[in-house]
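Novice: The structure follows.
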Amino acid sequence: MKQRGVTVWLTGLSGAGKTTITQALEKKILDAGYPLEVLDGDIVRTNLTKGLGFSKEDRDENIRRIGFVCRLLTRHGVIVLVSAISPYRDIREEVRGKIGDFVEVFVNAPLAVCEDRDVKGLYKRARAGEIKSFTGIDDPYEAPLNPEVECRTDLETLEESVNKVWQKLEEMGYLAKPVAV
């Protein structure tokens, strides 16, 4: 059986809902029997990219490393869900070009909503000057110009967001039934 691999890259501000959507998608994809791996930005930073800081160069290197793993998995027929802020458009486009089978999902919520959802208190600490170069506060977030999917988590339910991504994956042929080779 040959499954077509794809990297589904969820990008957005901290607190926008990337991890929440990823977890719901993970369950739905696994329940449907597809091969899947999840790369969460926070977990990757403690393992694969430990030691990298938050300068633009280090953030770009973080995304390149995640992208490298995604490319390997994708070419071997795995669906890869990436949940990472990945604030810079140019590096997301670079990774897209290297992977090929790539679906960008813009998890979009206004900054004020993200700050209200901030369970870790990161925005509060950034506003107090305790965290420097925090995306959305004193470091930019460059929204995708043409994402395959945009999830407005301030306006739609989790189920609606997950279904939008699922439908796009079906439309693009990534969730078709595996074919014999």
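Remember, the numbering used here sits 6 above the position in the sequence shown when you count from 1. Glycine residues also receive a C-beta, built at the ideal position from the N, C-alpha and C atoms.
List the DSSP bridge partners of Cys120.
Specialist: Cys120 pairs with nothing; no bridge assigned.
Novice: Where does the unbroken beta strand (DSSP E) through Ile85 begin, and where does it stop?
Specialist: Where Ile85 is concerned, the enclosing beta strand (DSSP E) stretches over 85-89.
Novice: Around the C-beta of Pro146, are 16 or more other C-beta atoms found within 10 angstroms, so that it is buried, or is it exposed?
Specialist: Exposed, by the Cβ-count rule.
Novice: In angstroms, rounded to a whole number, what distance separates the CA positions of Val125 and Asp48?
Specialist: Roughly 14 Å between the two C-alpha positions.
Novice: Any idea if Arg81 is buried or exposed, counting beta-carbon neighbours within 10 angstroms, 16 or more meaning buried?
Specialist: It counts as exposed.
Novice: Tell whether a beta-carbon distance below 7 Å holds between Leu31 and Leu117.
Specialist: Cβ atoms of Leu31 and Leu117: not closer than 7 Å.
Novice: Does the Cβ of Asn68 have 16 or more other Cβ atoms within 10 Å, making it buried, or fewer, making it exposed?
Specialist: Buried: at least 16 other Cβ atoms inside 10 Å.
Novice: Whole angstroms is fine: what's the gap from Arg131's alpha carbon to Thr28's?
Specialist: If I take the Cα positions, the gap works out to 26 Å.
Novice: Measure how close the beta-carbons of Leu128 and Phe140 come, nearest whole angstrom, since I'm counting them as under 8 Å.
Specialist: Confirmed, about 7 Å.
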